[in-house]
Amino acid sequence: MAKTEKYKGTHFKPSAGDRVFSVLNGTFFALFTLVCIFPIYYLFINTISDNSLVASGQVNLYPRGIHFNNYVKLLNVNDLATSVFVTLGRTVLGTASMVLASAFVGYLVTQKKMFARTFIYRAIIVTMYFNAGLIPWYLNMSMLGLTNNFMGYVIPAIISPFNIILVKTYIESIPAELEESAFIDGAGYFTVFRALMLPLSKPILATIAVFGAVGHWNSFTDSIILMGSEPKLYTLQHRLYIYLTSSSNLGKLMEGGSTLTASMVESVLNNRVISLTVSMITIVPILLVYPYMQRYFQKGIMMGAVKG
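Its first residue numbered 2, the sequence shown is counted upward by one per residue in the working numbering.
Below you can see the structure in the form of structure tokens.
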């Protein structure tokens, strides 16, 4: 006891090796952070710089000829506002339905009294490793009437095997006595799920919500395949893909020495600027949402991945 009191309040003095490690560690992570942030910074300074300087590649480390007209002009781009609403709608509706379905199915497969529980759970997991392929998937979506249909974005993504695994594992980490006491008090399965499991599962639900929201917001392959003849249902990423393709094609004509009219040259410039500006807009929502969800994300992914 006396020995413990002797060293009470003393401070540990780091050795030279510890100080060197701390400096190198801090330097490494500072450089790593810079590498991660610079692409976003580079994108932003190109959207607020003089368009002619951007087109000629003269904007690299700092903005030149600062203006915000590009963001204002986006309001006049055809169908861009529609694409924003489509993407926002599929993200909100798709994420909410996926989280609710994953939570409910994940809870059900933890119930030993559920009929064919093991078979159903394994059947869901098998879909993570095997699929019929792109063409059969498209034909199936077509037969279900989900081509050129907004619900084609939402319905196929409702069931996510990976998210169900996370939710199931997390729920299994919750003390079984809580559920048993609720059943003793007369609560049914749905009541237990709604009043007990959902509130206790907020960390893992927030985690899969981040996965779902990022997936829906960034997805464009399904828009290209399923919504080809319905431009009003193009997502923001699909619209950005069109701008990038147009800019690339016209740029190649210029590099090949083809004679282009002034309007075509202006089109190259506009498409490049629009592409950069839309890219910035598509990044911002995720950058704003993730910091708020991070406190749930870390706890949820750890507890949902490893059963204690």
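Glycine included, C-beta positions come from ideal geometry on N, C-alpha and C.
- The stretch 139-152 and the stretch 208-217 do not touch, with fewer than 3 CB-CB distances between them shorter than 8 Å.
- Residue environment analysis places residue 279 among the buried positions, since at least 16 neighbouring C-beta atoms fall within 10 angstroms of its C-beta.
- Residue environment analysis places residue 136 among the exposed positions, since fewer than 16 neighbouring C-beta atoms fall within 10 angstroms of its C-beta.
- Counting C-beta pairs closer than 8 Å gives three or more between the stretch 214-225 and the stretch 91-110, which meets the contact rule.
- For residue 246, the closest of 113, 190, 203 and 276 by C-alpha to C-alpha distance is 276.
- In this structure, residue 159 places its C-beta atom within 8 Å of the C-beta atom of residue 102.
- In the displayed model, residue 28 falls within a helix according to three-state DSSP.
- Taking the C-beta atoms as reference points, residue 171 is found nearer than 8 Å to residue 205.
- Residue state for residue 63 is assigned as coil, using DSSP reduced to three classes.
- Note on residue 123: under 16 other CB atoms within 10 angstroms of its CB, so exposed under the neighbour-count rule.
- The stretch 44-56 makes contact with the stretch 65-77, as at least three CB pairs between them are under 8 Å.
- Shown here for residue 157: same chain residues with a beta carbon closer than 8 Å to its own, the five before and five after excluded, namely 142, 147 and 223 in chain order.
- Per DSSP, the continuous alpha helix (DSSP H) segment holding residue 82 begins and ends at 81-109.
- The three-state reading of DSSP puts residue 202 in coil, since its state is none of H, G, I, E or B.
- Distance from the Cα of residue 113 is smallest, within the candidate group 85, 173 and 202, for 173.
- Sequence-distant partners of residue 111 (beyond 5 residues in either direction) whose C-beta falls short of 7 Å from its own C-beta, in its chain, are 169, 172 and 173.
- Within the stretch 166-194, no run of beta strand (DSSP E) reaches 3 residues while sitting entirely inside it.
- Look at residue 233 here: in three-state DSSP terms it is helix.
- For residue 152, the enclosing alpha helix (DSSP H) covers residues 152-155.
- Rounded to whole angstroms, the separation of the alpha carbons of residue 197 and residue 182 is 11 Å.
- Per DSSP, residue 75 lies in no alpha helix (DSSP H) segment and is marked neither H nor E.
- One alpha carbon belongs to residue 87, the other to residue 242, and they sit about 15 Å apart.
- In this chain, the alpha helix (DSSP H) harbouring residue 142 covers 135-144.
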